[in-house]
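Asks: These protein sequence lines are chains F and H, in that order. Going letter by letter, the first sequence gives residues 1 to 248 in the UniProt record's numbering. Going letter by letter, the second sequence gives residues 1 to 248 in the UniProt record's numbering. Every residue gets a Cβ at the ideal spot worked out from N, C-alpha and C, and that includes glycine.
2 protein chains.
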Amino acid sequence: MTTGVRRRMGVDERRAQLIGVALELFGRRSPDEVSIDEIAAAAGISRPLVYHYFPGKQSLYEAALGRAADELSGRFLEAHEGPLGTRLLRVMGRFFDFVDEHGPGFAALMRGGPAGGSSRADAMVDGVRQAAYEQILAHLQVASPPARLELVVRSWVSLAEATALLWLDGRRVPRAELELRLVHDFGALAAVSAAYDAETARIVLRVFAQEPADGPFGDLLGRLAVLLPDMAAVPPQRGPGGRVQRLL
Amino acid sequence: MTTGVRRRMGVDERRAQLIGVALELFGRRSPDEVSIDEIAAAAGISRPLVYHYFPGKQSLYEAALGRAADELSGRFLEAHEGPLGTRLLRVMGRFFDFVDEHGPGFAALMRGGPAGGSSRADAMVDGVRQAAYEQILAHLQVASPPARLELVVRSWVSLAEATALLWLDGRRVPRAELELRLVHDFGALAAVSAAYDAETARIVLRVFAQEPADGPFGDLLGRLAVLLPDMAAVPPQRGPGGRVQRLL
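(1) Do the CB positions of A164 (chain H) and L228 (chain F) come within less than 9 Å of each other?
(2) Answer yes or no: does any C-beta atom of chain F fall closer than 9 Å to that of G148 (chain H)?
(3) Since P83 (chain H) and G215 (chain H) are thought to touch, with beta carbons under 8 Å apart, how far apart are those beta carbons, to the nearest angstrom?
(4) Beta-carbon separation of L88 (chain H) and V183 (chain H) under 9 Å?
(5) With C-beta atoms as the reference, is R154 (chain H) less than 9 Å away from L166 (chain F)?
(6) If distances are taken between C-alpha atoms only, which option among H:I19, H:L180, H:S193 and H:A43 comes closest to M92 (chain H)?
(7) So the candidates are H:Q135, H:R206, H:P104 and H:L140; which of them puts its Cα closest to the Cα of S73 (chain H)?
(8) Give the C-beta separation of P146 (chain H) and E199 (chain H) to the nearest angstrom, bearing in mind that I take them to be a contact with Cβ-Cβ under 8 Å.
(9) My output table needs one value for S73 (chain F): the three-state DSSP class, helix, strand or coil.
(10) What are the boundary residues of the alpha helix (DSSP H) that D214 (chain H) is part of?
(11) So, at 6 Å on beta carbons, what are the nonlocal neighbours of G218 (chain H) in its own chain, with the 5 sequence-adjacent residues on each side left out?
(12) Tell me whether F186 (chain H) sits in a helix, a strand or coil according to DSSP, three-state version.
(13) In angstroms with no decimal places, state the Cα-to-Cα distance between P104 (chain F) and E24 (chain F).
(14) Taking Cβ positions only, does R15 (chain F) come closer than 9 Å to chain H?
(15) With the cut-off set at 9 Å, would you say L149 (chain F) and V157 (chain F) are in Cβ contact?
(16) Could you give the DSSP three-state label for P31 (chain H): helix, strand or coil?
(17) Relative to the C-alpha of A232 (chain F), which residue among H:G170, H:D97 and H:R223 is closest?
(18) Any beta carbon from chain F within less than 9 Å of D122 (chain H)'s own beta carbon?
(19) Would F96 (chain F) count as contacting chain H if we go by Cβ distances under 9 Å?
(20) Give the C-beta separation of A108 (chain F) and S30 (chain F) to the nearest angstrom, bearing in mind that I take them to be a contact with Cβ-Cβ under 8 Å.
(21) Roughly how many angstroms separate the alpha carbons of S35 (chain F) and A41 (chain F), rounded to a whole number?
(22) Whole angstroms is fine: what's the gap from F76 (chain H)'s alpha carbon to R67 (chain F)'s?
(23) Is there a Cβ of chain F sitting closer than 9 Å to that of R67 (chain H), yes or no?
(24) Could you tell me whether the Cβ of G222 (chain H) comes closer than 9 Å to any Cβ of chain F?
(25) Are the C-beta atoms of A131 (chain H) and some chain F residue less than 9 Å apart?
(26) Closer than 7 Å by C-beta to L137 (chain H): which residues in its own chain qualify, once you throw out the five before and the five after it? Chain order, please.
(27) Could you check the C-alpha separation between E177 (chain F) and S119 (chain H) for me, to the nearest Å?
(28) Under 8 Å Cβ-Cβ, which residues of chain F neighbour H184 (chain H)?
(29) Taking the alpha carbon of L151 (chain H) as the reference point, which residue from H:Y133, H:G170 and H:E78 has its own alpha carbon closest?
(30) For chain H, check one thing: does any of its Cβ atoms lie closer than 9 Å to the Cβ of V204 (chain F)?
(31) Excluding the five sequence neighbours on either side, which residues of its own chain have a C-beta within less than 7 Å of the C-beta of R14 (chain H), listed in chain order?
(32) Of all the options H:E33, H:L140, H:I203 and H:G44, which has the alpha carbon lying nearest to the alpha carbon of G85 (chain H)?
(33) Residues in its own chain within less than 7 Å of D185 (chain H) by CB, not counting five upstream and five downstream?
(34) Of the choices F:K57, F:R7 and F:R8, whose alpha-carbon is the least far from that of V21 (chain F)?
In structure tokens:
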């Protein structure tokens with residue numbers, strides 16, 4: 001129900017209102033299931049007036065996606081203060097907030113929704129991935145990463161997406177646990193790469209050397225130090241001069 | 001150019017031939033860029049005859065995708081013999097063979113190609129993921145995994161997809177290195193989960209206890225035993241009775 005008296009909105013204001021309404025509807029249900037009629041009703045205007053501002057559902061969807069992409073990219077911004085693990089954990093909290101708020105829309109987009117095959121929608125998704133990638137490099141204080149470190153960061157961004165999608169499908173593991181898990185996964189993937197690539201190892205060791213024992217990375221390292229020896233059927237290899245014994 | 005004399009094919013044979021031709025063309029270039037005319041020419045038949053067997057490009061694309069999905073799922077099959085890390089490495093080799101052979105088609109599908117938004121295509125991709133997931137559980141000898149282990153396996157399958165896509169985009173890291181990296185990543189993600197979940201830890205420790213020191217997992221553990229202490233700014237936590245010292 002709308003009131004009989006409606007204030008006339010300017011063009012930009014009306015477009016912004018429609019994008020907001022669409023974003024909420026596209027977020028709460030799969031965009032396939034949302035009609036222009038429904039958007040018109042939710043905005044309190046006629047269907048033809050929606051088409052006056054947006055030529056079709058696809059263009060309104062892309063506009064809503066653009067706003068969502070800007071909002072999500074904004075959530076990756078984090079002050080360069082304190083332990084890296086703690087920073088990353090705060091970002092993961094805001095990422096899961098976003099996934100929680102826009103669940104069905106996020107899932108539909110990532111699984112190929114109505115904008116699947118739209119190069120504009122694909123470009124927006126890639127833009128968000130790129131924003132995440134660049135933020136992480138900035139926190140690592142690396143301007144031009146070696147190819148292997150780039151791969152670690154980009155594949156971890158994909159892992160975060162996949163983990164969020166798996167979480168949405170049943171929510172069987174508490175999200176707070178997954179936020180922390182993803183921070184740990186980042187450390188683990190970085191450590192694997194560092195174990196086989198000296199250039200990555202230099203960067204990873206510099207970064208992790210600043211992590212406190214009670215931060216997310218320090219806690220993981222402490223636990224792995226207990227777990228890993230149990231995982232090995234044979235005594236671990238020792239570096240020159242019995243390095244393992246010296247350091248542990 | 002075709003010869004003047006052509007043997008007449010049966011319906012099933014012709015459909016199979018068209019699927020084969022389509023699969024090769026859809027694999028070598030983005031499916032968007034492949035026309036029915038081109039498929040007809042490559043099969044040596046007329047455009048109307050293609051439409052006699054397949055009502056449109058989408059149905060031919062889905063048929064080709066179905067064959068590719070079956071083929072890829074078949075490559076996950078691996079004898080339950082020898083170390084798990086070595087088995088997984090062989091599967092990764094066959095997976096990258098597939099990605100190499102069908103690169104542009106694989107990338108277009110995963111990034112939302114012409115079949116994006118097609119629920120049949122999405123279902124086929126999900127079917128391949130499910131096949132990978134089930135194969136891994138079978139090798140882990142786990143019938144009904146705890147939620148956290150399920151998440152490890154499924155998110156690692158996504159990581160393998162993402163890593164293959166990143167590799168296709170420039171091929172800046174040798175594929176053999178990435179095949180091994182993904183095996184290591186599986187071990188690392190499993191270890192992270194095991195570090196925080198006793199139920200997963202029991203399974204992971206049982207599996208890894210059978211890995212030889214010179215296998216992929218054993219080698220990683222040996223390297224991490226050297227690297228991890230350097231990553232910790234402070235001495236690692238010790239379990240009851242100085243467990244770390246005893247085991248290392």
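Replies: Short version:
(1) no
(2) Per the sequence shown, the amino acid found at residue 148 (chain H) is Arg instead of Gly. Cβ-Cβ to chain F under 9 Å: yes for R148 (chain H).
(3) 4 Å
(4) yes
(5) yes
(6) H:L180
(7) H:Q135
(8) 4 Å
(9) helix
(10) D214 (chain H) -> no alpha helix (DSSP H), and no H or E assigned at all.
(11) E211 and P212
(12) helix
(13) 10 Å
(14) no
(15) no
(16) helix
(17) H:R223
(18) yes
(19) no
(20) 4 Å
(21) 10 Å
(22) 40 Å
(23) no
(24) yes
(25) no
(26) P145 and V153
(27) 31 Å
(28) V192, A195 and Y196
(29) H:Y133
(30) yes
(31) Y53
(32) H:L140
(33) W156 and L159
(34) F:K57
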